[in-house]
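Please read the structure below before turning to the comments.
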Amino acid sequence: MKIDFNNMLEKTIGGHGITETEINTISQRITKVHEQMNAKKGQMAWRALPYNQDEIVKDIVAQGKRINKEFDNFVVFGIGGSALGSKALFTGIKHLKYNELPKEKRGGARFYVVDNVDPDGINALFDIIDVKKTCFHIITKSGNTVETMSQFMIALSMLKDALGDNFKDNIILTTDKEKGILKKISNQYGFKTYTVPDGVGGRFSVLCPVGLLSAAVLNIDIDALFAGAKAMDEACTKESVWENPAYMYAMLMCIAMSNQVNISVMMPYADGLLNMAEWYAQLWAESLGKRVNNDGKDVYCGQTPVRALGVTDQHSQIQLYTEGPFDKVVTFIDVEQFNTTLTVPKTPIDMLDATYIEGQTINKLIASEMRATEYAVTQAGKMNMRITIDKMGAKAIGELFFFFEMATAAAGEFLSIDAFDQPGVEAGKIATFALMGREGYEKKAKELNKADEKDQDFVFQV
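Reading the sequence shown from the start, the letters are residues -4 to 457 in the numbering used here.
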């Protein structure tokens, strides 16, 4: 993997780029950042996941084989970090029309991720699957996630109706080793259960059973996935910012934030990587969007992540990126070698001025479009960088996961905030419990009812 930061710099893009003085100033903090990254390894147990899961991976691979042998469908119920990593694995590595392929070409069960509680969306899934022939993976680290528990209760009721008491093999749970409703259910009924390790937050959990069971069902090479993560770990544990791409990424992004460049656009030029951009959006937003710093001072820091897709969004968002405000960093992700090469044929009719395309590849076209867009954004003086992966596959996806996790953790240290909590998310969870009538949240329910009193002059009924 190659990461080119040149277009972040003043010497390349002009007055809105980052100066050598800014780099020299903030890079003086790198020793402290590195010390903190090492001191907080207990909070970053995800860094050990590529190395310490040999036994659990054997079990997960065996479960994947069982699921593919016994079931037609595999459904992940989760939200946020419990779902986005599996989606990124799925589209980043597998055939983009995987579920439409015949089973002999898929090599396993159809794969679905349900990460919302839209009733139409949930019902649509049950319209196309037979629950008797479906294995459900229920994931909630806290064991109390209301959305996931609601999904689980619906599926469990349907399984009970269809199978009586013979539904145990259709359900696998992944949760905390001790706490939460899901752990109590696991203990009571003896469902096959995996654990989210301590020190592995939901948004950092893709390389533990949260994502690895999906990988096993999809016949993804977990060793290759870990090989990519290990290679990136080796690169991202060096102290020097000039040798550590995660530190460089974090440093430059934090300088950008200090200059009010508060939007981070991730724009992969591969359909299969759009879900990687969605995974990154949670990682970056939830980790760095914090009201207070480590000293308790209000700082309201963070950077809004935006998902874009090349070339689709060249015809949607690039006008804004090139001629709009100087408030964005665009990260392009380039793929050197796709799994397919498509050549534009000589057409049987006169295509007039389109004949120059004949005989050229679609692969060259998408690469040219990326370079052209990168050039246009750079000429407009907007900060951007390019990440290049050599080939779509498990190793590259493992590299990307680990790189962005390390960069996010390092950014938290540069910003002096806690990158591993999410108090803003917890506030919304508490309010949801109150609105749904959960015992113990009556006071919060009264607060919410009072908040619903609106000035009717600003409410329009059409």
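Yeah, the Cβ is synthetic: ideal placement off N, Cα and C, and Gly gets one too.
Using a 10 angstroms sphere on the CB of Asp110, the tally of other CB atoms reaches 16 or more, which defines it as buried. Sequence-distant Cβ neighbours of Ile62 in its own chain, meaning closer than 7 Å and more than five residues away, are Phe69, Ala104, Cys130 and Val212.
Under a 10 Å Cβ-count criterion, Pro320 is classified as exposed, with fewer than 16 other Cβ atoms of the shown protein chains found around its own Cβ.
Thr403 sits away from Ser253, with the two beta carbons spaced by 8 Å or more.
Counting only unbroken stretches of 4 or more residues, the alpha helix (DSSP H) elements lying wholly within the segment 370 to 425 are 389 to 410, in sequence order. The beta strand (DSSP E) runs lying completely inside the segment 97 to 184 and spanning 3 residues or more are 105 to 109, 129 to 134 and 166 to 170, given in chain order.
In the structure shown, the three-state DSSP call for Phe186 is coil. Met261 sits away from Ala245, with the two beta carbons spaced by 8 Å or more. Linking Leu360 to Arg366 through their CA atoms gives a straight-line distance of about 10 Å. One thing to note: Ile217 has its Cβ no nearer than 8 Å to the Cβ of Leu208. Selection Trp41, Phe106 and Gln183 evaluated against Val201 yields Trp41 as nearest (Cα-Cα). When only Cα atoms are considered, Asp447 and Leu395 end up about 43 Å apart. Distance from the CA of Val141 to the CA of Gly423, rounded to the nearest whole angstrom, comes to 11 Å. Its chain contains Asn239 as the residues whose beta carbon lies nearer than 6 Å to that of Lys233, once the 5 sequence neighbours on both sides are disregarded; these appear in chain order. Annotation for Phe72: no alpha helix (DSSP H) segment contains it, though the beta strand (DSSP E) segment containing it runs Asn68 to Phe72. The three-state secondary structure of Ser259, taken from DSSP, is strand.
Here His132 is buried. Its C-beta has 16 or more other C-beta atoms within 10 Å.
No Cβ-Cβ contact shorter than 8 Å links Ser259 with Val294. The closest CA to that of Lys285, considering only Trp274, Pro45 and Thr299, is found on Thr299.
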